[in-house]
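Participant: Sending over a structure as structure tokens; questions will come in a sec.
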Amino acid sequence: MKAKATTNRRAIALRYLRLLPPKSPILGDLENWNAFGSKSPTRGGFRGLPGFVIEANYLRTGMKVWRILAFGITIAANLLPISPVQAARIACPTEVEPTIQAMLRDLPGYANRIAVRSRIRNSRSSRNSVILAGRPEFTPLPLNSDRPSDPTLKQAFITTLEREIVSGKAIDIQQFHWLFLTRNLEGWQLALMFTRIGTTTPNQPITPPIESREGVIGQAVQQWLNDCNIQGIRVRR
Numbered sequence: 057m058k059a060k061a062t063t064n065r066r067a068i069a070l071r072y073l074r075l076l077p078p079k080s081p082i083l084g085d086l087e088n089w090n091a092f093g094s095k096s097p098t099r100g101g102f103r104g105l106p107g108f109v110i111e112a113n114y115l116r117t118g119m120k121v122w123r124i125l126a127f128g129i130t131i132a133a134n135l136l137p138i139s140p141v142q143a144a145r146i147a148c149p150t151e152v153e154p155t156i157q158a159m160l161r162d163l164p165g166y167a168n169r170i171a172v173r174s175r176i177r178n179s180r181s182s183r184n185s186v187i188l189a190g191r192p193e194f195t196p197l198p199l200n201s202d203r204p205s206d207p208t209l210k211q212a213f214i215t216t217l218e219r220e221i222v223s224g225k226a227i228d229i230q231q232f233h234w235l236f237l238t239r240n241l242e243g244w245q246l247a248l249m250f251t252r253i254g255t256t257t258p259n260q261p262i263t264p265p266i267e268s269r270e271g272v273i274g275q276a277v278q279q280w281l282n283d284c285n286i287q288g289i290r291v292r293r
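Counting the sequence shown from 1 gives a position; the numbering used here is that position plus 56.
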């Protein structure tokens with residue numbers, strides 16, 4: 057009975073999302089933020105960095121203010137379990153683009169579970185919650201290196217939106233992630249990851265890149281890739 061009730065709640069949430077018009081005030085900003093393509097600032101956030109890249113021809117600014125109701129609906133849709141009737145599984149993709157696209161749908165849930173476990177072990181851990189993951193880009197940036205490039209090493213750029221409550225006030229944080237992935241006999245692996253952090257306030261600077269493979273998002277990426285390699289990915293029907 058409990059499983060049936062949970063399934064019904066998820067069905068209602070998904071039905072509500074589908075019934076909303078594309079330009080509804082609830083989903084408008086969410087749709088714009090999560091749109092895939094060249095408008096994303098993710099890759100641009102890593103251009104022109106000494107020791108990292110050579111070229112620097114664009115940096116987008118101007119962050120949107122996110123709507124709380126859209127966040128709540130998105131989290132509910134991601135966290136409620138999927139019934140066998142609603143989803144099937146296929147093998148983990150062998151190409152990087154469909155792999156990352158599939159991962160973004162699940163990444164907030166993976167990251168938030170890792171963050172909760174961290175807070176249980178250490179009460180001083182960050183109280184951030186990951187709200188959204190999106191804006192994938194796959195055009196690699198050139199690296200300043202004397203070594204020849206590794207053709208098996210793939211680059212991907214994604215953005216996550218996080219929310220932190222400070223003194224009762226919600227602060228939205230954008231993190232720009234630069235992923236280096238490789239695929240071996242066991243499947244996809246995260247070899248290296250760098251992150252830059254900014255806010256949703258326009259014209260605010262973002263931090264220099266830091267190595268973040270063992271951070272919350274890095275751990276979430278690794279866990280998702282491991283699950284993908286072993287179990288495949290969900291395909292909603």
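Yeah, the Cβ is synthetic: ideal placement off N, Cα and C, and Gly gets one too.
Quick check on residue 260: buried or exposed, where buried means 16 or more other Cβ atoms within 10 Å of its Cβ?
Facilitator: Looking up residue 260 in the sequence shown gives position 204. Counting Cβ neighbours within 10 Å, residue 260 comes out exposed, since fewer than 16 surround it.
Participant: Quick one: give me the first and last residue of the beta strand (DSSP E) that residue 240 is part of.
Facilitator: Along the sequence shown, one-based indexing puts residue 240 at 184. Where residue 240 is concerned, the enclosing beta strand (DSSP E) stretches over 225–240.
Participant: Using a threshold of 8 Å, state whether the C-beta atoms of residue 148 and residue 274 are closer than that.
Facilitator: Taking the first residue of the sequence shown as 1, we reach residue 148 at position 92. Taking the first residue of the sequence shown as 1, we reach residue 274 at position 218. The answer is no: Cβ separation not under 8 Å.
Participant: So for residue 271, helix, strand or coil by DSSP?
Facilitator: Position 215 of the sequence shown, counting from 1, holds the residue named residue 271. Coil.
Participant: Hey, how far is the Cα of residue 69 from the Cα of residue 151?
Facilitator: Numbered from its first residue, the sequence shown carries residue 69 at position 13. Numbered from its first residue, the sequence shown carries residue 151 at position 95. With a pLDDT of only 38 at residue 69, under 50, the local geometry of the prediction cannot be trusted, and the value read off the model is given with reservation. Approximately 31 Å, taken between the alpha carbons.
Participant: Closest by CA to residue 238, which one among 188, 263, 153?
Facilitator: Here residue 238 refers to the residue found at position 182 of the sequence shown. The option with the nearest alpha carbon to residue 238 is 153.
Participant: Go to residue 288, then tell me how far its beta strand (DSSP E) extends in each direction, as first and last residue.
Facilitator: Sequence index remark: in the sequence shown, residue 288 carries index 232 (1-based). Residue 288 -> no beta strand (DSSP E), and no H or E assigned at all.
Participant: Is residue 191 closer than 8 Å to residue 215 when the C-beta atoms are compared?
Facilitator: The residue labelled residue 215 in the question sits at position 159 within the sequence shown. The residue labelled residue 191 in the question sits at position 135 within the sequence shown. Result yes, Cβ atoms of residue 215 and residue 191 sit closer than 8 Å.
Participant: Within the chosen definition, does the segment 203–211 reach the segment 164–171 through at least 3 CB pairs nearer than 8 Å?
Facilitator: no
Participant: Between residue 189 and the rest of its own chain, which residues show a CB-CB distance below 7 Å, the 5 nearest in sequence each way excluded?
Facilitator: Taking the sequence shown and counting its residues from 1, the one referred to as residue 189 is at position 133. If we look at residue 189 and ignore the five residues flanking it on each side, its Cβ neighbours are 160, 163, 164, 214, 216.
Participant: Which residue comes first and which comes last in the beta strand (DSSP E) that contains residue 192?
Facilitator: Here residue 192 corresponds to residue number 136 of the sequence shown, with the count starting at 1. Taken as a continuous stretch (DSSP letters only), the beta strand (DSSP E) holding residue 192 covers 185–193.
Participant: For residue 146, count the other beta carbons within 10 Å of its own beta carbon; 16 or more makes it buried, fewer makes it exposed. Which is it?
Facilitator: Numbered from its first residue, the sequence shown carries residue 146 at position 90. Classification of residue 146: exposed, given that the 10 Å Cβ count is below 16.
Participant: By the three-class DSSP mapping on this structure, what secondary structure does residue 211 have?
Facilitator: Taking the sequence shown and counting its residues from 1, one reaches residue 211 at position 155. Reduced to three states, the DSSP call for residue 211 is strand.
Participant: Check residue 153 in the structure and name its three-state DSSP category.
Facilitator: The count along the sequence shown starts at 1 and reaches residue 153 at position 97. Looking at residue 153 - three-state DSSP - the assignment turns out to be helix.
Participant: Note down the Cα distance separating residue 285 from residue 264, rounded to an integer number of angstroms.
Facilitator: Taking the first residue of the sequence shown as 1, we reach residue 285 at position 229. Taking the first residue of the sequence shown as 1, we reach residue 264 at position 208. Taking the straight line from one Cα to the other gives about 32 Å.
Participant: May I ask you to report which of helix, strand or coil DSSP gives residue 128?
Facilitator: By one-based count along the sequence shown, residue 128 stands at place 72. Since pLDDT at residue 128 reaches only 49, below the 50 mark, its modelled position is unreliable, and the value read off the structure follows with that caveat. Residue 128 falls in the helix class under three-state DSSP.
Participant: Take the Cβ of residue 247 as the centre, count every other Cβ of all protein chains shown within 10 Å, and call the residue buried at 16 or more, exposed below.
Facilitator: Taking the sequence shown and counting its residues from 1, one reaches residue 247 at position 191. Its Cβ having fewer than 16 others within 10 Å, residue 247 is exposed.
Participant: Would you mind reading off the limits of the beta strand (DSSP E) that contains residue 251?
Facilitator: One-based indexing of the sequence shown puts residue 251 at position 195. For residue 251, the enclosing beta strand (DSSP E) covers residues 243–255.
Participant: Contact check, residue 185 vs residue 219 under 8 Å by CB: the rounded distance?
Facilitator: The residue you call residue 185 lines up with position 129 of the sequence shown. The residue you call residue 219 lines up with position 163 of the sequence shown. About 5 Å; that satisfies the 8 Å criterion.
Participant: Quick check: what's the CA-CA separation for residue 158 versus residue 209?
Facilitator: For this step, residue 158 is matched to residue 102 along the sequence shown. For this step, residue 209 is matched to residue 153 along the sequence shown. Taking the straight line from one Cα to the other gives about 19 Å.
Participant: What residues match up with residue 217 in a beta bridge as DSSP calls it?
Facilitator: Start at 1 with the first residue of the sequence shown, and residue 217 comes out as number 161. Answer by DSSP bridge pairing, in chain order: 188, 230.
Participant: Closer than 7 Å by C-beta to residue 167: which residues in its own chain qualify, once you throw out the five before and the five after it? Chain order, please.
Facilitator: Indexing the sequence shown from 1 puts residue 167 at position 111. Cβ neighbours of residue 167 beyond the five flanking positions: 186, 272, 273, 276.
Participant: Would you please state the rounded distance, in angstroms, between the beta carbons of residue 255 and residue 229? I believe it to be under 8 Å.
Facilitator: By one-based count along the sequence shown, residue 255 stands at place 199. By one-based count along the sequence shown, residue 229 stands at place 173. Confirmed, Cβ separation roughly 6 Å.
Participant: Select from 144, 245, 193 the residue whose C-alpha is nearest the C-alpha of residue 279.
Facilitator: Counting from one through the sequence shown, the residue named residue 279 turns up at place 223. The residue with the shortest Cα to Cα distance from residue 279 is 245.
Participant: Bridge partners of residue 266, per DSSP?
Facilitator: Numbered from 1 along the sequence shown, position 210 holds the residue referred to as residue 266. DSSP output for residue 266 lists 251 as bridge partner(s).
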